[in-house]
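For the protein sequence lines, the chains are A and B, in the order given.
So for the first sequence, my numbering puts the first residue at 3; every next one is plus one.
So for the second sequence, my numbering puts the first residue at 564; every next one is plus one.
Glycine included, every Cβ here is placed at the ideal spot set by N, Cα and C.
Have a look at the structure below, then the notes.
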Amino acid sequence: MSKTRQAGAGMRYTLGQFASHAFLLALAFIFMFPFYVMLVTSFRAPQELFTPEFNWLPQTFTGAHYYIESLTATPVLTFMKNGVVISLGILLVQLLTAIPCAYALAKFEFRGRELLFAIVIFALTVPIQVPALPLFLGLNAIGALDTYFAAMMPFFLSVFAIFLFRQSFKSYPDEIIHAARLDGMSEWAILWTIVVPGSVPAIAAFSVFSLTSHWNDLYWPMIVIRSNELMTPPLGLAYFADSESGENYGALMATATILTAPLMLAFLFAQRQFIRGITMTGVK
Amino acid sequence: MIQTKRQTRQRPARPGWAGVCLARRLVGRLTKHTGEPSVSAKVELENIEKSYGATQTLRSASLTIEAGEFMTLVGPSGCGKSTLLRIMAGLQPQSAGEIRIDGTSVDHLRPRERDIAMVFQSYALYPHMSVEQNIGTPLRIRRLPTAARLPVLGRLVPGQRTARRQIQEAVREVADQVEIGHLLPRKPAALSGGQRQRVALARAIIRNPKVFLMDEPLSNLDARLRVTMRGEITSLHRRLGATFIYVTHDQTEAMTMSDRVAVMMDGEIVQCASPQELYTNPQDLRVARFIGSPEINVVSTEETARWTGQPLPDSIAHIAFRPEALDFTPKSAGIGVDARLLRHELLGHDVLVFLQTDQGTEITGRIPAAQWSGLAVADGRIAFTLRPEALLAFAPSGKRAPLPFSPDGMMPADRMLSHAS
């Protein structure tokens, strides 16, 4: 391999590298194609949709027509606002609860710590469908159905976050925490101003997981949300696909594009956080 | 305004922090400085024990460290010295025993309330903070109200401007003392090991504590820098006048820096004395072996019996003597020994001579280079004498025992036996 590399500028890539890139490109195409169809459908005339031959570009470019239709005919902006409120609300409470839990499990020595952590791991195996019915009945009993609270409440405590942050905090050097204790910081100050800034990559990674799954969640909002003005993006999309837009695929795809865009942009932003990371070179 | 001040005070980057001339300049600067003398405190440890489950790391460690003293805890790794330091700092609770600072028990006090600063082996700087923030943290916590220390909103709290300016000035002053004034805006990741250690020292100094604890602060530095920092830490101790408790596994650091050295072995303080006393008068065989390089010669009593023709009592198991005790001058008084010369090492000023007796015991000698060249080696064999007063006797338990030799080198059997009974 090193021989071919030395052979000259034209021979810098081996056959293996070409093959692996071709494979990756094929996979990327498979994953990107539905998004491309979504995008191109939102720009083409309805009669092009069911023609036998496939065109890569719209024959009749409809421009912003369906986007304007989507924004005016359906409450897309309301869906998005609901999506933001619910997924950010869930994330905020998840971080506020999981970070102290994880810190205690990672750095404090107390009786029953291993048992508690075992329970956390066990709770990871329970899917949302299992407690769905009791949760629904409970929310109904306190009259909280069809509210933001009902849509967020089951996800406030994330065992996955506790698990992830515990692993991250565990690798944080004890000596820095000791130094902070000697400097006079309270445990809360140590956690939020010393340990958390050192775990930004883990927190960013979890935030991406949490935001995407709750922005895209259809199951739970469909159970607890009734009113149009509280609907999350996927629920709104599903509802309006049935009732109003019907055969209007252009408008539907435009709506889908609008609803997917924030997540895409948020991910691109978080990706930069991942790459930058936080170097722990203050130690050693 | 702060910006311009910073620019004028910025010094040109200087290559080679480890330079000896720099160290000399720095030592002069530190000793000249006349800051407010910090109060020192007496630290007393009484029967400190620590066990993790079934394993006992510390067994009844008692030690009194006088106010203003430089005390070093030295011992091989795993002897419990770092644990003891952490217990003093309040970072770990002891299983039994009491710690007193200036006569009052501090067992119930949290680390922040003990007025103790600590420097760690890994420096333990806050990685996401600049050098300035790192050094200023102890003061920010003490002088700013809790609300003012909140991450972004804290700046909006009124009435903190004077305190912040004072902290900034204190940080600058302390940073200049340890010659890192030009590094204040940097993050720890952008510093060399020596610079990080200076930041850690500055963060400890700024609190003006009564007691400094240092946990192997030099072991992550390269050899040259270690020598420089050794001098800096001792002059720092002289200038601050505070009590220093220093943990190391390096006997050179222990011997060169300390007023007194406590040697720890297997969770116990075996001997606590001045460096010279430890070297010449060790009370335990493990101490004798640990202190001094090359290691002290230890021979069995059977071996010495062959040398002198007189058996030793059972109360003595080992005889030890330092490499310098070997006298190669012909016809000198003392116990004469004849041995095979294995090899020698030239150390410039000194020569190390490695010998083996006919019974297979290896003995190391150290003589001045001038004497080595005139030495008579016949047939690969060499003769030396040992002065009896240079010999140390140890009981089978490893404890020091009285020496049964008379000063003239002869061992009267009757006196020896009466001693054994």
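Close-in-space but distant-in-sequence residues of the same chain around residue i (CB under 7 Å, 5 per side omitted)
i        : result
B/Arg703 : Arg712, Ile730
B/Leu585 : Note that B/Leu585 scores 44 on pLDDT, short of 50, meaning its location in the model is unreliable; the coordinates nonetheless yield the value given after this. If we look at B/Leu585 and ignore the five residues flanking it on each side, it has no Cβ neighbours.
A/Arg115 : Leu107
A/Met40  : Met255, Ala258, Thr259
B/Trp870 : Ile898, Val900
A/Gly10  : Confidence at A/Gly10 is low in this model, with a pLDDT of 48, below 50, so the placement of that residue should be treated as unreliable; the coordinate-derived value is given next. If we look at A/Gly10 and ignore the five residues flanking it on each side, it has no Cβ neighbours.
B/Leu672 : Gly653
B/Leu841 : Val824, Val826, Gln834, Val850, Ile854
B/Leu688 : Asn697, Pro751, Arg759, Val762, Ala763
B/Met820 : Phe633, Thr635, Arg793, Ile796, Thr797, Tyr809
Reference residue i, options the options, closest by Cα
i        : options                                : result
A/Phe167 : A/Pro136, A/Ala146, A/Cys103           : A/Cys103
A/Ala163 : A/Ile205, A/Arg228, A/Thr195, A/Thr62  : A/Ile205
B/Gly804 : B/Leu746, B/Ile882, B/Gly631           : B/Gly631
A/Ala120 : A/Phe165, A/Leu90, A/Ala28             : A/Phe165
B/Ser884 : B/Pro780, B/Thr709, B/Pro951, B/Leu672 : The sequence as given places Phe at residue 884 of chain B; Ser does not occur at that position. When only C-alpha atoms are compared, the closest one is B/Pro951.
B/Gly699 : B/Leu647, B/Glu736, B/Ala604, B/Ser856 : B/Glu736
B/Pro838 : B/Thr635, B/Ala617, B/Leu621           : B/Thr635
B/Val991 : B/Pro965, B/Ile769, B/Arg705           : There is simply no residue 991 of chain B to check, as chain B begins at 564 and stops at 984 in what is shown.
A/Arg46  : A/Trp58, A/Pro36, A/Thr149             : A/Trp58
A/Phe242 : A/Glu111, A/Ala30, A/Glu71, A/Ile32    : A/Glu71
B/Gln857 : B/Val669, B/Ile882, B/Leu915           : Residue identity differs from the one stated: residue 857 of chain B is Pro in this sequence, not Gln. Closest option to B/Pro857, Cα to Cα, is B/Leu915.
B/Lys644 : B/Gln723, B/Gly830, B/Lys894           : B/Gly830
A/Ile2   : A/Phe269, A/Leu239, A/Ser212, A/Val132 : As shown, chain A starts at 3 and ends at 286. That puts residue 2 of chain A outside it, with no answer to give.
B/Glu629 : B/Arg852, B/Thr806, B/Ala880           : B/Thr806
A/Gln96  : A/Phe56, A/Phe208, A/Tyr251            : A/Phe208
A/Val122 : A/Ser160, A/Val86, A/Ala143            : A/Ser160
B/Thr864 : B/Val940, B/Ile796, B/Pro674, B/Leu966 : B/Leu966
A/Val210 : A/Pro36, A/Phe269, A/Met233, A/Thr76   : A/Phe269
Limits of the unbroken alpha helix (DSSP H) element including residue i
i        : result
B/Met692 : Where B/Met692 is concerned, there is no enclosing alpha helix (DSSP H), given that its DSSP letter is neither H nor E.
B/Thr867 : 864-871
A/Val128 : From DSSP, A/Val128 is part of no alpha helix (DSSP H); its letter is neither H nor E.
B/Ser798 : 786-803
B/Met681 : Unbroken run through B/Met681 is the beta strand (DSSP E), 679-682; no alpha helix (DSSP H).
A/Ser170 : 161-172
A/Leu232 : Unbroken run through A/Leu232: none, as it is neither H nor E.
B/Gly757 : 756-768
A/Asn84  : 78-109
B/Ser625 : Looking at the DSSP string, B/Ser625 is not in any alpha helix (DSSP H); the run it does join, the beta strand (DSSP E), is 618-628.
A/Phe211 : 202-218
Exposure label - residue i; buried when at least 16 CB within 10 Å
i        : result
A/Met34  : exposed
A/Tyr15  : exposed
A/Asn84  : buried
B/Asp942 : exposed
B/Gln990 : Nothing in the structure corresponds to residue 990 of chain B, since chain B is present only between 564 and 984.
A/Ser22  : exposed
B/Thr667 : exposed
B/Glu908 : exposed
B/Ser895 : exposed
B/Ala902 : buried
B/Gly872 : exposed
B/His912 : exposed
B/Ile662 : buried
B/Phe633 : buried
Residues of its chain near residue i, where Cβ-Cβ distance is below 6 Å and the 5 sequence neighbours each way are ignored
i        : result
B/Leu889 : Gly928, Phe947
A/Glu50  : Gln61
B/Asp665 : Ala604, Lys605
A/Gln157 : A quick correction: the sequence has Phe, not Gln, at residue 157 of chain A. Closer than 6 Å at the Cβ level, and outside the excluded window around A/Phe157, lie Ile92.
B/Arg978 : At B/Arg978, the pLDDT of 39 sits below 50, so the modelled position is not reliable; the number obtained from the coordinates is stated separately. So the list is empty, once near-sequence residues are dropped.
A/Met154 : Ile88, Gly91, Ile92
Boundaries of the beta strand (DSSP E) in which residue i is found, first to last residue
i        : result
B/Cys835 : 831-836
B/Arg929 : 925-931
B/Tyr809 : 806-811
B/Leu776 : 774-778
A/Phe20  : First-last for A/Phe20: 17-43, but that is the alpha helix (DSSP H), not the beta strand (DSSP E).
Contact set for residue i: own chain, Cβ-Cβ below 8 Å, skip 5 residues either direction
i        : result
A/Leu17  : none
A/Leu118 : Leu107
B/Pro639 : His812, Met828, Phe853
Distance cut-off 6 Å: residue i Cβ against heavy atoms of the ligand HEM
i        : result
B/Ala868 : Summarising the ligand content, the structure contains no ligands, and the ligand HEM is consequently not present.
Using 8 Å as the threshold, is the region 770-782 of chain B in touch with the region 678-694 of chain B, meaning 3 or more CB pairs across them?
Cβ pair count under 8 Å is three or more, so yes.
Answer yes if the region 209-229 of chain A comes into contact with the region 258-274 of chain A, meaning at least three C-beta pairs across the two stretches below 8 Å, and no otherwise.
yes
Count the C-beta pairs between the region 952-969 of chain B and the region 917-928 of chain B that are closer than 8 Å, then say yes if the count reaches three, no if not.
no
Under 8 Å, with one C-beta from each stretch per pair, do the region 184-199 of chain A and the region 124-132 of chain A reach the 3-pair mark?
no
contact_flag[the region 754-762 of chain B, the region 785-795 of chain B] where n(CB pairs < 8 Å) is 3 or more
Taking 8 Å as the limit for Cβ pairs, the verdict is that the region 785-795 of chain B does touch the region 754-762 of chain B.
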